[in-house]
Amino acid sequence: MLVGGAPEASVLSFVLAERKALLKYAKRPLPGIHDEPVPTNLLSEARRKAWS
Amino acid sequence: MASIKFYFESMAGTHLEDALRALRDTGSADALYDHKLRSMDPKEIDWADVSVARDIAESWRITYSRRALLFAAFSAEAYANDFLFDEWSGDKDRKALQALSTVDKYALLPGFAGRKSVLERGRDPLQRIKWLFDRRNELVHAKPHSDKDLTWEPENHNPVAAAESISRSQRVPRCWLAELRRHPS
Chain S
1 MLVGGAPEAS
11 VLSFVLAERK
21 ALLKYAKRPL
31 PGIHDEPVPT
41 NLLSEARRKA
51 WS
Chain G
53 MASIKFYFES
63 MAGTHLEDAL
73 RALRDTGSAD
83 ALYDHKLRSM
93 DPKEIDWADV
103 SVARDIAESW
113 RITYSRRALL
123 FAAFSAEAYA
133 NDFLFDEWSG
143 DKDRKALQAL
153 STVDKYALLP
163 GFAGRKSVLE
173 RGRDPLQRIK
183 WLFDRRNELV
193 HAKPHSDKDL
203 TWEPENHNPV
213 AAAESISRSQ
223 RVPRCWLAEL
233 RRHPS
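Set out below in structure tokens:
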């Protein structure tokens with residue numbers, strides 16, 4: 001199986017998974033004043049999925 | 053006997069974490085808005101204050117994006133130097149190679165080290181790294197511009213550009229490291 005063109009479980013596949021997570025976050029609109037703070041580690045979820 | 057090659061991360065990882073933290077701040081309300089305003093009941097806040105607060109938040113978003121770009125560039129440079137110091141031990145060789153620009157290091161060092169280089173200057177990720185260092189250089193060597201205002205440049209200093217730069221900055225070094233671990237010298 002290929003992950004964004006990279007072989008599954010390759011280093012590149014992890015990097016691509018993290019890139020996807022970062023871009024998804026970066027494209028979010030400006031939050032509201034009372035919105036909840038974002039977790040300090042942006043990549044913990046992407047890393048958990050990619051490395052599990 | 054098999055040899056084990058350790059890799060001790062230098063400032064590269066620290067700069068990368070700083071870049072990621074700055075990117076996080078571009079989209080988190082606690083970093084973008086005044087804490088007193090956030091602690092107030094929404095009904096107590098005047099719409100005019102909200103409007104001003106959003107303008108200020110947009111300004112912080114640009115600032116944090118600029119910060120993320122700078123730390124992504126610092127990280128990319130540190131990773132390239134880690135590779136250089138890992139592959140070359142002589143002081144003179146290191147000094148000569150350190151004089152290369154970071155983009156040139158990414159393009160040339162794997163080949164100089166006798167490894168397969170898969171990076172082409174006209175394509176990503178090297179193209180994005182070149183873009184990143186153009187941004188880095190105009191900020192680090194700041195001078196008055198007649199055609200642009202670097203204090204407010206959302207076209208370049210935005211979260212998406214920061215995310216792209218961070219992901220490219222870690223992509224190349226991590227693939228290099230994987231290659232080093234597969235084929236230790």
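Quick mapping for you: the protein sequence lines, in order, are chains S and G.
Take the first sequence: its letters are residues 1 to 52, numbered as in the working numbering.
Take the second sequence: its letters are residues 53 to 237, numbered as in the working numbering.
All C-beta atoms, glycine included, are put in the ideal place defined by N, C-alpha and C.
- prompt: Closer than 8 Å, CB to CB, is Tyr158(G) near chain S or not?
  reply: Translated into positions along the second sequence, residue 158(G) becomes position 106. Not one chain S Cβ lies under 8 Å of Tyr158(G).
With a floor of 4 residues, list each alpha helix (DSSP H) that falls wholly inside the region 85-120 of chain G, ordered by position along the chain.
87-91
Pull up the distance between the alpha-carbon of Ala39(G) and that of Ala83(G), whole angstroms please.
-> One cannot answer for residue 39(G) here, as it falls past the ends of chain G, which runs 53 to 237.
**Item:** Same chain, Cβ closer than 7 Å to Gln222(G), five either side skipped, listed in chain order
**Value:** One-based indexing of the second sequence puts residue 222(G) at position 170. Closer than 7 Å at Cβ, skipping near neighbours: Leu68.
Margin query: Does Ile218(G) come out as helix, strand or coil in the three-state DSSP assignment?
Written below: For the purposes of this step, residue 218(G) is identified with residue 166 of the second sequence, where counting begins at 1. Ile218(G): helix per DSSP, three-state reduction.
I want to verify the contact list: residues of chain S whose CB lies under 8 Å from the CB of Gln222(G), in sequence order. Taking the first residue of the second sequence as position 1, residue 222(G) is located at position 170. Below the 8 Å Cβ cutoff, chain S contributes Val15, Glu18 as neighbours of Gln222(G), in chain order.
- Task: Assuming Ile114(G) contacts Trp204(G) (C-beta within less than 8 Å), just tell me the rounded distance between them.
- Result: Stepping through the second sequence from its first residue, residue 114(G) is reached at position 62. Stepping through the second sequence from its first residue, residue 204(G) is reached at position 152. Rounded, the Cβ-Cβ distance is 6 Å, consistent with contact.
Straight-line gap, Leu178(G) to Ile218(G) (C-alpha atoms, nearest Å) = Here residue 178(G) is taken as the residue at index 126 of the second sequence, counted from 1. Here residue 218(G) is taken as the residue at index 166 of the second sequence, counted from 1. Rounded to the nearest angstrom, the two C-alpha atoms are 13 Å apart.
Margin query: I'd like to check one pair, Glu172(G) with Thr154(G): are the Cβ atoms closer than 8 Å?
Written below: If you number the second sequence from 1, residue 154(G) lands on position 102. If you number the second sequence from 1, residue 172(G) lands on position 120. Cβ atoms of Thr154(G) and Glu172(G): not closer than 8 Å.
Would you decide whether Val38(S) is buried or exposed? Buried here means 16 or more other CB atoms lie within 10 Å of its CB. Along the first sequence, read from residue 1 onward, the residue named residue 38(S) stands at position 38. Buried: at least 16 other Cβ atoms inside 10 Å.
- Would you say Val102(G) reaches chain B, if we count a Cβ-Cβ gap shorter than 8 Å as a contact? Among the protein chains in the structure shown, which are S and G, there is no chain B.
| field | 7 Å Cβ shell around Tyr158(G) - same chain, five flanking residues per side excluded | value | For this step, residue 158(G) is matched to residue 106 along the second sequence. Counting only Cβ-Cβ distances below 7 Å, and skipping sequence neighbours, we find Ala132, Leu171, Leu178, Ile181, Val224.
For Thr78(G), the three-state DSSP class (helix, strand or coil):
Here residue 78(G) refers to the residue found at position 26 of the second sequence. In the structure shown, Thr78(G) sits in coil (DSSP, three-state: anything other than H, G, I, E or B).
- prompt: Is it buried or exposed for Asp175(G), if we count other Cβ within 10 angstroms and need 16 for buried?
  reply: Here residue 175(G) corresponds to residue number 123 of the second sequence, with the count starting at 1. Sequence inspection shows Arg at residue 175(G); the Asp mentioned does not correspond to that position. Answer is exposed; the Cβ neighbour count stays below 16.
message: Quick check on the DSSP output: the alpha helix (DSSP H) that includes Glu190(G) runs from which residue to which?
response: Numbered from 1 along the second sequence, position 138 holds the residue referred to as residue 190(G). Looking at the DSSP string, the run of the alpha helix (DSSP H) that includes Glu190(G) is 178-192.
For Gly32(S), would you say it is in contact with chain G, using Cβ-to-Cβ distances shorter than 8 Å as the test? In the first sequence, counting from the first residue as 1, residue 32(S) sits at position 32. Yes - at least one Cβ of chain G is within 8 Å of the one on Gly32(S).
Could you tell me whether the Cβ of Met1(S) comes closer than 8 Å to any Cβ of chain G?
What you label residue 1(S) is simply residue 1 of the first sequence in a count that begins at 1. Residue placement at Met1(S) is poorly supported in this model, since its pLDDT is 48, which falls under 50; the coordinates still yield a value, given next. Judged by the 8 Å Cβ criterion, Met1(S) is not in contact with chain G.
- Query: Are the beta-carbon atoms belonging to Arg146(G) and Leu160(G) less than 8 Å from one another?
  - Reply: Reading the second sequence from its first residue, position 94 is the one you call residue 146(G). Reading the second sequence from its first residue, position 108 is the one you call residue 160(G). 8 Å or more divides the Cβ of Arg146(G) from the Cβ of Leu160(G).
*asked:* Can you give me the C-alpha to C-alpha distance between Pro31(S) and Gly142(G), rounded to a whole angstrom?
replied: Counted from its first residue, the first sequence places residue 31(S) at position 31. Counted from its first residue, the second sequence places residue 142(G) at position 90. C-alpha separation (whole angstroms): 51 Å.
Beta-carbon within less than 7 Å of Leu202(G)'s beta-carbon, same chain only, minus the 5 sequence neighbours each way: which residues are those?
For the purposes of this step, residue 202(G) is taken as the residue at position 150 of the second sequence. Excluding residues up to 5 positions away in sequence, Glu190, Leu191, Ala194 lie with their Cβ nearer than 7 Å to the Cβ of Leu202(G) in the same chain.
| Where does Leu30(S) fall in DSSP's three states? | As a first step, residue 30(S) is located in the first sequence; it is residue number 30 there, counting from the start. In the three-state scheme derived from DSSP, where H, G and I count as helix and E and B as strand, Leu30(S) is classed as coil.
*Close-in-space but distant-in-sequence residues of the same chain around Ala120(G) (CB under 6 Å, 5 per side omitted)*: Walking along the second sequence from the start, residue 120(G) turns up at place 68. Excluding sequence neighbours, Ala120(G) sits near Ala71, Ala74, Leu75, Ala214.
**Request:** Determine the closest residue to Ser103(G) out of Ser91(G), Tyr85(G), Asp93(G), with distance taken between C-alpha atoms.
**Result:** Here residue 103(G) refers to the residue found at position 51 when the second sequence is read from its first residue. Looking at the Cα atoms, Tyr85(G) is the closest of the given residues.
- Interface flag, Leu89(G) vs chain S, CB-CB below 8 Å: Start at 1 with the first residue of the second sequence, and residue 89(G) comes out as number 37. Leu89(G) counts as touching chain S.
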